[in-house]
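Residue numbering for the sequence shown follows my numbering, beginning at 2 and increasing consecutively.
Right, one structure below, let's go through it.
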Amino acid sequence: MSATVPKRKRKASTNAIREIKREQGKTNLVIPSAPFVRLVQEEVSAYHPNMRIKTEAYEALQQAAEGHLIELFRRSNRCAIHEKRETIQPKDVQLALSLE
């Protein structure tokens, strides 16, 4: 007769922290390239329908956009932590944007 040892139950935040650390170690882009390119083309065509953009320009724009978003979420997270919360809310993002 073998006794089965029950698995330890982890806190909900443990998996989130593990996932955050895994993502921080990566250097690839977070937003998929194809949808980002489509979004940029859609916005540019509203102003200049025949404008063409080089691939390097899309990559530079995507890196800049992701850098801005990551910094925005970092500031929003600080606002949430200041209010003793673990989850960011729209008011945190609005506050972070107004503090820029």
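Think of the CB as a built atom: it goes at the ideal place given N, C-alpha and C, for glycine as much as any other residue.
When the Cα atoms are used, what is the spatial distance from residue i to residue j?
{"i": "Gln90", "j": "Ala81", "result": "7 angstroms"}
{"i": "Glu44", "j": "Ser77", "result": "27 angstroms"}
{"i": "Ser14", "j": "Glu84", "result": "18 angstroms"}
{"i": "Arg75", "j": "Lys55", "result": "30 angstroms"}
{"i": "Met52", "j": "Ser46", "result": "7 angstroms"}
{"i": "Lys8", "j": "Lys22", "result": "23 angstroms"}
{"i": "Lys1", "j": "Arg19", "result": "Because the chain spans 2 through 101 in this model, residue 1 falls outside it and cannot be assessed."}
{"i": "Glu101", "j": "Gly68", "result": "14 angstroms"}
{"i": "Glu24", "j": "Asn16", "result": "12 angstroms"}
Compare the beta carbon distance of residue i and residue j with 7 angstroms and say whether it is the shorter of the two.
{"i": "Leu73", "j": "Ala97", "result": "yes"}
Tell me which same chain residues have a C-beta within less than 7 angstroms of the C-beta of residue i, skipping the five on either side of it?
{"i": "Glu88", "result": "The question names Glu, but residue 88 is Thr in the sequence shown. Once the five neighbours on either side are set aside, the close Cβ partners of Thr88 are Ala81."}
Which same chain residues, not among the five before or five after residue i, have their C-beta less than 8 angstroms away from its C-beta?
{"i": "Ser99", "result": "none"}
For residue i, collect the residues of the same chain with a Cβ closer than 6 angstroms to its Cβ; drop the 5 residues on either side in sequence, then sort them by chain order.
{"i": "Tyr59", "result": "Val38"}
- prompt: Taking three-plus beta-carbon pairs below 8 angstroms as touching, is the segment 63-70 in contact with the segment 21-36?
  reply: Under the Cβ criterion (8 angstroms, minimum of three pairs), the segment 63-70 counts as touching the segment 21-36.
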